[in-house]
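**Student:** This is the structure I have questions about; it appears just below.
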Amino acid sequence: MISTERADDYMISYQQGDISALGILYEHYREPLYAFLFRYTQDEQLSIDLVQDTFIKLQKSRSFYTVGRVQFKTYLFQIAYNSMLTKQKKKQLWVKLLPKLLPTAPPPVSVTDKISIRVAISLLEEKQRAVILLSYYHDLSSKEIADILQIPVGTVKSRLHTAIKQLKKQVCKEDFHGSFNEF
Amino acid sequence: MDHSTNSDPFQEEKELQLHLDSYQVEVPDFPMQATWSDRLASFLFTPTTNPFGELVVSSQGAVLFYIAPLVFALAVTILSYALLS
Numbered sequence: 002m003i004s005t006e007r008a009d010d011y012m013i014s015y016q017q018g019d020i021s022a023l024g025i026l027y028e029h030y031r032e033p034l035y036a037f038l039f040r041y042t043q044d045e046q047l048s049i050d051l052v053q054d055t056f057i058k059l060q061k062s063r064s065f066y067t068v069g070r071v072q073f074k075t076y077l078f079q080i081a082y083n084s085m086l087t088k089q090k091k092k093q094l095w096v097k098l099l100p101k102l103l104p105t106a107p108p109p110v111s112v113t114d115k116i117s118i119r120v121a122i123s124l125l126e127e128k129q130r131a132v133i134l135l136s137y138y139h140d141l142s143s144k145e146i147a148d149i150l151q152i153p154v155g156t157v158k159s160r161l162h163t164a165i166k167q168l169k170k171q172v173c174k175e176d177f178h179g180s181f182n183e184f
Numbered sequence: 031m032d033h034s035t036n037s038d039p040f041q042e043e044k045e046l047q048l049h050l051d052s053y054q055v056e057v058p059d060f061p062m063q064a065t066w067s068d069r070l071a072s073f074l075f076t077p078t079t080n081p082f083g084e085l086v087v088s089s090q091g092a093v094l095f096y097i098a099p100l101v102f103a104l105a106v107t108i109l110s111y112a113l114l115s
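Here the protein sequences come in this chain order: D and H.
Numbering follows the numbering used here, with no gaps: position 122 of the first sequence is 123.
Numbering follows the numbering used here, with no gaps: position 26 of the second sequence is 56.
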């Protein structure tokens with residue numbers, strides 16, 4: 002991962018017309034962005050589309066980025082998160098209009114099933130899921146997460162606390178069933 | 031990832047950290063911009079549920095599913111003859 006200052010330098014170069022700087026930023030940030038979106042949506046194609054949409058929006062709004070206001074990584078994740086929310090709203094509309102013609106959803110998890118961390122994360126409420134993913138896998142501070150999700154820092158902390166509690170409950174359940182199945 | 035600072039909410043959650051660390055994501059190779067044909071292909075080839083699935087499962091539904099087009103075609107034929115004559 003490139004440092005904040007280097008990312009800002011590349012973004013300034015891109016704002017001044019250096020197209021190769023955008024390519025460098027893409028190569029550095031496509032993986033963390035995809036990982037965040039995939040862990041959130043569990044949908045490979047949707048995550049790819051969202052990463053591509055994020056960079057299209059970055060190109061369109063390049064003049065709006067101001068160095069020092071927010072970190073580049075925060076700015077990029079904010080675009081990706083907002084794009085994801087927009088896509089999900091559209092998807093919910095399609096669910097109402099044409100429930101039969103939507104992509105097949107994974108089968109619901111039974112209470113007695115073993116729950117992996119992947120499933121446990123997907124079972125979290127959306128607002129808690131985003132907080133735990135950004136905090137744990139992307140090392141973002143509460144302030145940075147608050148900037149991305151556009152919520153107060155206190156809300157980030159309380160959501161993180163709740164998410165950790167929920168995940169622990171799910172993981173303990175898995176261990177219980179895991180040890181139970183051994184007998 | 032280092033989660034050993036005092037303000038880190040995961041610091042005390044060693045077991046949870048092990049589980050979270052086990053969730054690794056394999057990132058596929060994809061370009062910065064998708065072509066129009068890529069987007070169309072992903073839209074067309076996304077698996078969906080069969081809208082007639084539930085209809086064909088029941089015997090009455092299956093009969094209706096297979097007979098309805100024949101009845102419709104017959105009705106259209108009779109109507110067209112009636113209109114022409």
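Note that CB positions come from ideal geometry on N, CA and C, so glycine has one too.
Note that this is a predicted model, so its numbers are computed, not measured.
Just to confirm before moving on: does the CB-CB distance between L135(D) and F37(D) stay below 8 Å?
**Tutor:** Here residue 135(D) refers to the residue found at position 134 of the first sequence. Here residue 37(D) refers to the residue found at position 36 of the first sequence. Yes, the pair counts as a contact, with Cβ atoms nearer than the cut-off.
**Student:** Could you confirm whether any beta carbon from chain D is found closer than 8 Å to the beta carbon of S67(H)?
**Tutor:** Stepping through the second sequence from its first residue, residue 67(H) is reached at position 37. No, its Cβ sits nowhere closer than 8 Å to a Cβ of chain D.
**Student:** Comparing the C-beta of T76(H) with each C-beta of chain D, is any distance below 8 Å?
**Tutor:** Locating residue 76(H) in the second sequence gives position 46, counting from the first residue. So, interface residue.
**Student:** Excluding the five sequence neighbours on either side, which residues of its own chain have a C-beta within less than 6 Å of the C-beta of R40(D), listed in chain order?
**Tutor:** Translated into positions along the first sequence, residue 40(D) becomes position 39. Result list for R40(D): L134, in chain order.
**Student:** Could one say the Cβ of Q90(H) lies closer than 8 Å to chain D's Cβ atoms, at least one of them?
**Tutor:** Here residue 90(H) refers to the residue found at position 60 of the second sequence. No - not a single Cβ of chain D is within 8 Å of the one on Q90(H).
**Student:** Decide if A121(D) is buried, meaning its Cβ has at least 16 other Cβ atoms within 10 Å, or exposed.
**Tutor:** For the purposes of this step, residue 121(D) is taken as the residue at position 120 of the first sequence. By the 10 Å Cβ count, A121(D) comes out buried.
**Student:** Which value, in whole angstroms, describes the spacing of the CA atoms of H49(H) and G91(H)?
**Tutor:** For the purposes of this step, residue 49(H) is taken as the residue at position 19 of the second sequence. For the purposes of this step, residue 91(H) is taken as the residue at position 61 of the second sequence. Distance between the alpha carbons of H49(H) and G91(H) is about 47 Å.
**Student:** Which residues in the same chain as H139(D) place their Cβ atom closer than 7 Å to its Cβ, once the five residues preceding and following it in sequence are excluded?
**Tutor:** Looking up residue 139(D) in the first sequence gives position 138. Once the five neighbours on either side are set aside, the close Cβ partners of H139(D) are P33, F37.
**Student:** How about the stretch 40-50 of chain D and the stretch 20-28 of chain D: do they share at least three Cβ pairs that are nearer than 8 Å?
**Tutor:** With a cut-off of 8 Å, the stretch 20-28 of chain D and the stretch 40-50 of chain D do not count as touching, because too few Cβ pairs lie within range.
**Student:** Quick check: is the beta carbon of Q89(D) nearer than 8 Å to any beta carbon in chain H?
**Tutor:** Position 88 of the first sequence holds residue 89(D). It does not: the Cβ of Q89(D) has no partner Cβ on chain H nearer than 8 Å.
**Student:** Between the stretch 64-73 of chain H and the stretch 45-62 of chain D, are three or more C-beta pairs nearer than 8 Å?
**Tutor:** A contact exists between the stretch 64-73 of chain H and the stretch 45-62 of chain D.
**Student:** Ends of the alpha helix (DSSP H) at P99(H)?
**Tutor:** By one-based count along the second sequence, residue 99(H) stands at place 69. P99(H) -> alpha helix (DSSP H) spans 89-114.
**Student:** Would you list, in sequence order, the uninterrupted alpha helix (DSSP H) runs of no fewer than 4 residues that lie entirely inside the stretch 137-181 of chain D?
**Tutor:** Qualifying alpha helix (DSSP H) stretches, in chain order: 143-150.
**Student:** Establish whether the CB of H29(D) and some CB of chain H are separated by less than 8 Å.
**Tutor:** Against the first sequence, residue 29(D) aligns to sequence position 28. False, the Cβ-Cβ gap to chain H never drops below 8 Å.
**Student:** Can you tell me the Cα-Cα spacing of L109(H) and L98(D), whole angstroms?
**Tutor:** Position 79 of the second sequence, counting from 1, holds the residue named residue 109(H). Position 97 of the first sequence, counting from 1, holds the residue named residue 98(D). Roughly 34 Å between the two C-alpha positions.
**Student:** Looking only at C-alpha atoms, which of D54(D), F65(D), L77(D) sits nearest to Y30(D)?
**Tutor:** Along the first sequence, one-based indexing puts residue 30(D) at 29. Residue L77(D) is the option with its Cα nearest to Y30(D).
**Student:** For the alpha helix (DSSP H) containing L98(D), name the first residue and the last one.
**Tutor:** By one-based count along the first sequence, residue 98(D) stands at place 97. Unbroken alpha helix (DSSP H) run through L98(D): 73-98.
**Student:** Mind checking K61(D): buried by the 16 CB within 10 Å criterion, or exposed?
**Tutor:** In the first sequence, counting from the first residue as 1, residue 61(D) sits at position 60. Classification for K61(D): exposed.
**Student:** Please report how far the alpha carbon of L150(D) lies from the alpha carbon of K92(D), in whole angstroms.
**Tutor:** Stepping through the first sequence from its first residue, residue 150(D) is reached at position 149. Stepping through the first sequence from its first residue, residue 92(D) is reached at position 91. Roughly 20 Å separates the two Cα atoms.
**Student:** Using a C-beta to C-beta distance shorter than 8 Å, which residues of chain D count as neighbours of Q63(H)?
**Tutor:** Here the question's residue 63(H) lines up with position 33 in the second sequence. Result: Q53, F56, I57.
**Student:** Does DSSP put T67(D) in a helix, a strand or coil?
**Tutor:** Walking along the first sequence from the start, residue 67(D) turns up at place 66. The answer is coil: DSSP assigns T67(D) none of H, G, I, E or B.
**Student:** With the cut-off set at 8 Å, would you say D9(D) and V71(D) are in Cβ contact?
**Tutor:** Along the first sequence, one-based indexing puts residue 9(D) at 8. Along the first sequence, one-based indexing puts residue 71(D) at 70. Contact flag unset, no.
**Student:** Just mark L125(D) as buried or exposed, buried being the case when its beta carbon has 16 or more other beta carbons within 10 Å.
**Tutor:** Within the first sequence, the letter at position 124 stands for residue 125(D). Buried: at least 16 other Cβ atoms inside 10 Å.
**Student:** Apply the 10 Å Cβ neighbour rule to T67(D) and answer buried if 16 or more other Cβ atoms are within range, or exposed otherwise.
**Tutor:** Taking the first residue of the first sequence as position 1, residue 67(D) is located at position 66. So T67(D) ends up on the exposed side.
**Student:** Considering only residues of the same chain and omitting the five flanking positions on each side of I25(D), which have a CB-CB separation below 6 Å?
**Tutor:** Here the question's residue 25(D) lines up with position 24 in the first sequence. Closer than 6 Å at the Cβ level, and outside the excluded window around I25(D), lie Y11.
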